[in-house]
Amino acid sequence: MNKKVVIIAEAGVNHNGDINLAKKMIDVAKNAGVDYVKFQTFTAKGLANKDAKKADYQLTNDNDTSQYNMLKNLEISFQDHITLIDYSKQKKIKFFSTAFDNDGLDFLNSLNFEFFKIPSGEITNYPYLKKLSIIGKPVILSTGMSNKEEIKKALNILTSNTLNIEDIVVLHCNTDYPTAYNDVNLKAMLDIKETFNVKVGYSDHTLGIEVPIASVALGACVIEKHFTLDRKMKGPDHSASLEPNELIDMVQGIRNIEKAISGSGFKNPTESELKNQSISRKSIFLKKDVKKGDLFTEELINTLRPGTGLSPMLIPQLLNKKFNKKLKKNNKLKLGDLD
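Per numbering that gives the first Met the number 0, residue 0 is the first one in the sequence shown, and the count goes up by one each step.
Encoded structure:
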């Protein structure tokens, strides 16, 4: 994760429980050029009590208020995971998933994933965090709805066994779908980095692509963003997700910014712009004819392109020196023209 920004395209539950839609989402993620396409590993019974209600944003296109029923319709089986992993391998894109309970963690661990992703809702789930500390693989931790004290406690649990703090990336996140721009609080990502001395990233739920791109300029090393085949589809997360062309634009924007911040950090002209110095800068030219013995004054000169002659920055040093020859108007001065 140190070599380039890792872009995770969050398919989440936007497949609506349909494995064929899930495969189409893998195609979209591959076409966009992301690093990982990510799904969610859960069972309704392992995630929510039957009395649990939906969040407000989950009610927008479904009158059923039961979170359990919604989740039941969005499950993908363990066998479906294997099918989607095989399909991802065919498409040459990395498959990834987020577990929401310990059974899911065990299953994903059996698949030899490189790292784990902790969703925001599990940041206070002690048994879940403890299990990840024992597994010891690198972790990405989302921090939506949390404060710094909760982040601190989660990190302490995660590092209480074999997992090292160097192997954790903490994502700033706002868990409202969609997140209003004035609620993003993007600088909190920097606060997390400074407070806990960790690598940081950003999990985005705004409607656009500007904020994840901006977060890269601020130092995010991981970006996570929901996407969908069509925002008008029925389901809890579609309306706050990117459509395929927007996902392409976001990836390209991130890669462009990644290049733009990859320089030395010291202000020096690049090799590519040095050729433009003489074209864009100016030299000292005569505004009038001068005779031998005339004094050099600012009233006698213009500063004009190209910058192949004496730099205007020399003017203070040349004031009141005498011309040693007769020169015509529009002559580009040389040091040898003055005593």
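Here a beta-carbon is modelled for each residue, glycine too, at the ideal position from N, C-alpha and C.
- His171 sits in a strand when the DSSP states are folded into three classes.
- Take the alpha-carbon of Tyr201 and the one of Asn275: they are about 38 Å apart.
- Comparing alpha carbon positions, the residue from Asn19, Val27, Val12 closest to Glu242 is Val27.
- Non-local C-beta neighbours of Ile150 in its own chain, meaning closer than 6 Å and more than five positions away in sequence, comprise Thr142, ordered along the chain.
- A direct Cα-to-Cα measurement between Arg254 and Ser238 gives close to 25 Å.
- Inside the stretch 314 to 338, DSSP marks whole alpha helix (DSSP H) runs of 4 or more residues at positions 314 to 317, from first to last along the chain.
- Residue pairing of Asn301 in beta bridges, as defined by DSSP: Phe284.
- Shortest Cα-Cα distance from Ser76 to any of Leu313, Val215, Ser96 involves Ser96.
- A residue is called buried when at least 16 other Cβ atoms come within 10 angstroms of its Cβ; Glu148 does not meet this threshold and is exposed.
- Assignment of beta-bridge partners to Ile139 by DSSP yields Lys116, Val168.
- A direct Cα-to-Cα measurement between Pro137 and Arg304 gives close to 57 Å.
- Between the beta-carbon of Phe41 and that of Ala21 there is about 14 Å, and that puts the pair past the 8 Å contact cut.
- Contact between the stretch 166 to 177 and the stretch 219 to 227 is established, with three or more Cβ pairs separated by less than 8 Å.
- Within the same chain, and ignoring the five residues on either side of Glu121 in sequence, the residues whose Cβ sits closer than 8 Å to its Cβ are Phe99, Tyr127, Leu128.
- Beyond the five residues adjoining it in sequence on each side, Leu157 comes within less than 7 Å, by CB distance, of Leu128, Leu131, Ser132, Val138, Ile167 in the same chain, given in chain order.
- Taking 8 Å as the upper bound for CB-CB distance, Lys198 and Glu9 are not in contact here, some 19 Å apart.
- Nearest to Leu285 by alpha-carbon distance, out of Phe295, Ile278, Ser277, is Phe295.
- Ranked by Cα distance from Val250, the options Pro118, Asn319, Ser214, Lys291 are led by Ser214.
- Distance check between Asp190 and each of Ala47, Asn146, Pro177 places Asn146 closest, using alpha-carbon atoms only.
- Between Asp175 and the set Leu73, Glu272, Ala259, Met144, the nearest pair of CA atoms involves Met144.
- Residue pairing of Asp203 in beta bridges, as defined by DSSP: Lys224.
- At the C-beta level, Leu83 and Ala47 stay beyond 8 Å of one another.
- Where Tyr67 is concerned, the enclosing alpha helix (DSSP H) starts and stops at 66 to 73.
- Residue pairing by DSSP places Gly11 opposite Phe38 in a beta bridge.
- Looking at the DSSP output, Leu241 bridges to Phe226.
- Cβ neighbours of Glu297 within its own chain (closer than 7 Å, five residues either side excluded): Ile314.
- Rounded to the nearest whole angstrom, the CA to CA distance from Asp182 to Ile92 is 33 Å.
- Looking at the DSSP output, Ala51 bridges to nothing.
- Inclusion of Thr302 and Ser277 in the CB contact set at 8 Å is not warranted, their separation being larger than that value.
- The beta carbon of Lys3 lies closer than 7 Å to those of Glu257 in the same chain, with the five residues before and after it left out.
- By the Cβ-count criterion, Asp17 is exposed, with fewer than 16 other Cβ atoms from all chains shown falling within 10 Å of its own Cβ.
- Listed as beta-bridge partners of Leu185 by DSSP are no residues whatsoever.
- Residue environment for Gly234: buried (at least 16 other C-beta atoms within 10 angstroms of its C-beta).
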